[in-house]
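Residue numbers (my numbering): 332 to 527.
Cβ atoms here follow ideal geometry from the backbone N, Cα and C, with glycine treated the same way.
Working notes for the structure below.
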């Protein structure tokens, strides 16, 4: 942990780190439960949101000069409409929400408190933007999925410990190509939210 630094990046600093975020997303999301078969071209298009949003934040964890972890967020109205619509449908004003899109961390650096730093800085950013809530989504997979590891443990306890609760019956849908699939397919994503 002594050699890892965590920095909140915006603007040009954020943009400079996005290829590193792309590489992390491809590596980390290849594992369960995402099973994401990503490409750099797809990632660069997906991450354009953070270049375009003046309220975007990238919390980067660096081991020396190497980006080993990242947590991204944007004002909810700046993220994909597929994520804003389910919240609008239940009457939540999206202008009050910071959306935490992903937190990715290489396995060798897990269990050292970096996840808490990601959430601390994300929530601090939300407050600085005048947001009253932070929300994120988690991918849902069936318990009997053939690729589910036998000893998989969800992050639910960590998220609940941070004050987040699932929004019952509120889901987004997003498509990507699984590692064992020929084409993209839609996956349900459960919303979690916390009032600051």
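Is there contact here, the stretch 397-407 with the stretch 495-512, by at least three beta-carbon pairs under 8 Å?
Not touching, per the Cβ criterion.
Three or more C-beta pairs closer than 8 Å, one from the stretch 441-451 and one from the stretch 369-384: is that the case here?
Short answer: they don't touch.
On a Cα-Cα basis, can you pick out the residue from 394, 524 and 518 that is closest to residue 334?
Residue 394 is the option with its Cα nearest to residue 334.
Have a look at the DSSP bridge pairing and note the partners of residue 341.
Its beta-bridge partners do not exist; DSSP assigns none.
Give the DSSP-derived three-state secondary structure of residue 430 in the structure shown.
In the structure shown, the three-state DSSP call for residue 430 is strand.
Measuring alpha carbon to alpha carbon, tell me which of 494, 349, 367 and 441 ends up nearest residue 465.
Cα-wise, what sits closest to residue 465 is 494.
Can a CB atom of chain B be found closer than 8 Å to the CB of residue 385?
Absent from the structure: chain B. Only one protein chain is present.
Contact set for residue 463: own chain, Cβ-Cβ below 7 Å, skip 5 residues either direction
Once the five neighbours on either side are set aside, the close Cβ partners of residue 463 are 427, 526 and 527.
Using C-beta distances below 6 Å, list every residue in its chain close to residue 359, excluding the 5 sequence neighbours before and after it, in chain order.
These residues qualify, in order along the chain: 435.
Taking Cβ positions, are residue 352 and residue 401 nearer each other than 8 Å?
Their beta carbons are under 8 Å apart, which means residue 352 touches residue 401 by this criterion.
Figure out for me which residue from 439, 361, 364 and 456 has the closest Cα to the Cα of residue 387.
Looking at the Cα atoms, 456 is the closest of the given residues.
If you run the structure through DSSP and keep just helix, strand and coil, what is residue 490?
Looking at residue 490 - three-state DSSP - the assignment turns out to be helix.
I believe residue 413 touches residue 515 by the beta-carbon criterion, under 8 Å. Please report the beta-carbon distance rounded to the nearest angstrom.
That pair is no contact at about 13 Å.
Spatial neighbours of residue 423 in its chain, beta-carbon cut-off 6 Å, leaving aside the 5 residues before and after
If we look at residue 423 and ignore the five residues flanking it on each side, it has no Cβ neighbours.
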